[in-house]
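Taken in sequence, the protein lines are chains A and B. First residue of the first sequence? That's 0 in numbering that gives the first Met the number 0, and the numbers climb one at a time after it. First residue of the second sequence? That's 0 in numbering that gives the first Met the number 0, and the numbers climb one at a time after it.
Number of protein chains: 2
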Amino acid sequence: MQVIEGSITAPKGFMAAGVCGEIKKKGKKDVAIIYSQEKCVAAGVFTTNVVRAACVDISKAHLADGVAQAIVANSGNANACTGEQGEKDTIAMATLTAELLGIKPQDVVVASTGVIGVNMPMDKVEAGIKEAVANLSVDGADCAAEAIMTTDTEPKQIAVEVEIQGKPVRIGAIAKGSGMIHPNMATMLAFITTDVNISNKCLEKLLKESVDVSYNMISVDRDTSTNDMAIVLANGLAGNELIDDDNSHEYQVLKEAFVFVNTYLAKLIARDGEGATRLIEVRIKNADDYNTARVMARSIVSSNLTKAAVFGEDANWGRILAAAGYSGALFDPNKVDVYLGTVKMAANGVGLDFDEEQAQEALKQETVLITVDLKAGSYEAIAWGCDLSYDYVRINASYRT
Amino acid sequence: MQVIEGSITAPKGFMAAGVCGEIKKKGKKDVAIIYSQEKCVAAGVFTTNVVRAACVDISKAHLADGVAQAIVANSGNANACTGEQGEKDTIAMATLTAELLGIKPQDVVVASTGVIGVNMPMDKVEAGIKEAVANLSVDGADCAAEAIMTTDTEPKQIAVEVEIQGKPVRIGAIAKGSGMIHPNMATMLAFITTDVNISNKCLEKLLKESVDVSYNMISVDRDTSTNDMAIVLANGLAGNELIDDDNSHEYQVLKEAFVFVNTYLAKLIARDGEGATRLIEVRIKNADDYNTARVMARSIVSSNLTKAAVFGEDANWGRILAAAGYSGALFDPNKVDVYLGTVKMAANGVGLDFDEEQAQEALKQETVLITVDLKAGSYEAIAWGCDLSYDYVRINASYRT
């Protein structure tokens, strides 16, 4: 597998665009379209929030047949808690996009992100869609990545190439996410394109398996959003034989690539958490089952107190153990070792005399690595988050205004 | 029931003291003792964190016989994650206190709060205990309330009097808590004294029932601590006939008083949350069962995004609904009304055109009232928290240093 230039238009047969529809206040790009020249096998995972935008239900319905050909997305307005009008507006977005592209509305996935509870400015959205369709091109991926941003400070994209049956197969993806991040699945948007030839069953599994160890392992603020989804479109243009067996070598090669792509973007989202100054990576080692490791990693990476301590470069490792303790995971605290970077802070649940300077050094890194060794079994999980800074509060104290 | 002056020494037969042991850096009071001249019926509820200080297990063991006569508490050091030494130090605190008071170590409850993972400076703690025992008096309640504070900005105490069988019965309490607050039970310390004559069974129930609707309904940062407990001592000196029936009128009178006392202190803790500028009260109305209301109230009051919006006086009610949606409670979002103060922000899950000035006014109140009406049944729950401010981050970025 190798990383290549570009993102969602790197696989064969995909075009994209991102334009300014003036939904956002500052005239930034806010309408994106991703389009495949061929119909795609498609799959999605969606927010588990009971309160969700119409686009979640409608996109789920449009994907029920496992087929799609385009994604239309807007930022600046989540179109959530907008009732029947919100539903109408979502359908209007799909219908207009389909008409302009000459495809069926059922083959369009709709995604929205932004403020909750405000009606969509549909005149602006529709003008944006028209302009975006007119601008579709292989060069449009960067603009699409920009157009789905909200409080993100930078676009998030990647593409990779793997070889399957001697043929180059490409996977590209863009994602957005910065606040309201505590996926389950998932508190962000991710759009993944690929030219691989794959069955719907395998594609769905591929997406779910890779999302579980990537987007579902990040947290910025423990707030799960109303709108979020990860969507994959596979148009088959790479020309490999159909992958229909999840035990095959080909599936494993693809899975590795999907995990790489989605983990890369998930870490970018965590690092770009609102106000974040650093990425935090929490590794739970030697748990006696995977779920224990996973639940504990998510709990520690989500702890306000741990996050604030990292921001302040305060080696307050007791908060790490406390967050492990209230995670709901069962474990023996008297066996636990805790590391900040490579500095051992506690052994068998008891604090060690550690070198404050070395600990500070570990906390000054761009990625702060926290390792908890349960010494109980052989399972491991990794979660990512960011520190909690003054700027998180500033950004979220005046999000609407 | 009437509120009276004082706190833990207001009931007959109790004395208290709080002194400077120099465990804290700034020479503030940090060792407290509460003592009853008669043996007490006693009960406690404790943190559910898997990682917990020795004082939790040892105090639980000391309360196993339902009897206690004194509480010794220190602030500045949690004596958690300190292994066998921590256990020895806790036992030493109980033993010294018992010796000086002429009672059994098993009748002493030990509580610690402060930084995790650092050994107790036992010479200072022991000197503090000696001084505190020497200073025990009816006037010592204020000092004891001060001595259990960590980042609290003010002592928290109250006393009430009720009449039972024509006799005045008093209940007094002190509490501490400011950060690492997400009780389950419970993320703080609360010590309750009373001169009522009551059976152990009824006292335990009284404590649990009142804790569930008070301390267990507050959150500052969703971080459940390693050390926390609520302890009640009842010495029977009021001279009423033994209360042994939880269906009796007397039990109900006491329960009302216990709920009042513990709710009063719980709200003080939430209001005094680290960096808080306001108290947030979340009421869930008309749920179809109590658990739905409770889980949802706790989720909303814990949401970083809702808390940051209150700090910024931003009427971002969509975050309230989003936090209801990911709470785990099942409900129909299309029936939900949301209020900020008395201003209706959303009806049937859909945003209304609201008056921004009125909404701002509701957000400027000392207590910001959020009401979610599920219009599904008749159950209600209330939770309390505080806003998320720059100062929360500042305090927690450098807690140890």
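All residues carry an ideal CB built from backbone N, CA and C; glycine is no exception.
Taking 7 Å as the upper bound on Cβ-Cβ separation, chain A lies near residues Leu387, Ser388, Tyr389, Val392, Asn395, Ala396, Ser397 and Tyr398 of the stretch 378-398 of chain B. Taking 7 Å as the cut-off between beta carbons, the residues of the stretch 221-253 of chain B near chain A are Arg221, Asp222, Thr223, Ser224 and Thr225, in sequence order. Interface criterion not met: the Cβ of Gly376 of chain B is under 8 Å from no Cβ in chain A.
Taking all protein chains in view, the Cβ of Asn290 of chain A is surrounded by fewer than 16 other Cβ atoms within 10 Å, so the residue is classified as exposed. Going by beta carbons, Ala146 of chain A and Val18 of chain A fall inside the 8 Å limit. Residue contact with chain A for Asp336 of chain B: absent (no Cβ-Cβ distance below 8 Å to any residue of chain A).
Comparing C-alpha distances from Ile279 of chain B to each of B:Gly171, B:Phe330, B:Ala323 and B:Val367 shows the shortest one belongs to B:Val367. For Thr150 of chain B, no CB of chain A lies under 8 Å from its own CB, so it is not counted at the interface with that chain. By the Cβ rule, the stretch 39-46 of chain A counts as touching the stretch 59-78 of chain A, because three or more pairs are nearer than 8 Å.
In its chain, beyond the 5 residues on either side, Ala77, Ala79, Cys80 and Thr225 have a beta carbon closer than 7 Å to the beta carbon of Ile115 of chain A. In this structure Pro332 of chain A is in contact with Val50 of chain B, their Cβ atoms being roughly 5 Å apart against a cut-off of 8 Å. The shortest C-alpha to C-alpha distance from Lys266 of chain A to any of A:Ile217, A:Thr112 and A:Gly101 is the one to A:Ile217.
Within the model, the alpha-carbon separation for Phe330 of chain B versus Ala140 of chain A is close to 40 Å. Relative to the Cα of Glu125 of chain B, the nearest Cα in the group B:Gln105, B:Gly113, B:Leu99 and B:Cys142 belongs to B:Leu99. Look at the stretch 350-373 of chain B: the residues with a C-beta under 8 Å from a C-beta of chain A are Gly350. Looking at the DSSP output, Asn73 of chain A bridges to A:Val30 and A:Ser111. Listed in chain order, the beta strand (DSSP E) runs fully inside the stretch 304-381 of chain A are 336-339, 342-346 and 366-372, counting runs of at least 3 residues.
In this model, Lys374 of chain B and Glu4 of chain B are separated by some 42 Å (Cα to Cα). Annotation: the stretch 192-262 of chain A contains the following complete segments of the beta strand (DSSP E) (minimum length 3 residues), in chain order: 228-233. About 5 Å separates the CB atoms of Gly85 of chain A and Ala53 of chain A; that is less than 8 Å, so the two are in contact. With a cutoff of 8 Å on beta-carbon distance, Gly82 of chain A and Gly348 of chain B are scored as near each other. Closest in C-alpha terms to Arg297 of chain B, from the list B:Phe259, B:Glu249, B:Val371 and B:Leu339, comes B:Val371. The beta carbons of Thr305 of chain A and Ile7 of chain A sit no closer together than 8 Å. About 12 Å separates the beta carbons of Asp390 of chain B and Asp271 of chain B, which is beyond the 8 Å limit, so they are not a contact pair. Judged by their CB atoms, Arg293 of chain A and Ala396 of chain A are not nearer to each other than the 8 Å cut-off. For Glu160 of chain A, the enclosing beta strand (DSSP E) stretches over residues Lys155 to Ile163. Boundaries of the beta strand (DSSP E) around Lys175 of chain A: Lys166 to Lys175.
For the stretch 290-317 of chain A, the beta-carbon criterion of a distance under 9 Å to any beta-carbon of chain B is satisfied by Ser301, Ser302, Asn303, Leu304, Thr305, Lys306, Ala307, Ala308, Val309, Phe310, Gly311, Glu312, Asp313, Ala314, Asn315, Trp316 and Gly317. Excluding five sequence positions before and after Lys123 of chain A, the CB atoms of its chain that fall closer than 6 Å to its own CB belong to Gly20, Glu21 and Ile22, given in chain order.
Residues of chain B whose Cβ lies closer than 7 Å to the Cβ of Val109 of chain A do not exist, since the nearest Cβ in that chain is about 19 Å away.
For Arg293 of chain B, the enclosing alpha helix (DSSP H) has its first and last residue at Tyr289 to Ser301.
DSSP, reduced to helix, strand and coil, places Arg282 of chain A within a strand of the structure shown. Look at Lys103 of chain B here: in three-state DSSP terms it is coil, with no helix or strand label. The distance from the Cβ of Ile163 of chain B to that of Asn239 of chain B is about 5 Å, consistent with a contact at the 8 Å cut-off. Against chain A, the beta carbon of Leu329 of chain B has neighbours under 8 Å at Val49, listed in chain order. Counting along the chain, no alpha helix (DSSP H) covers Met187 of chain B, and no H or E run does either.
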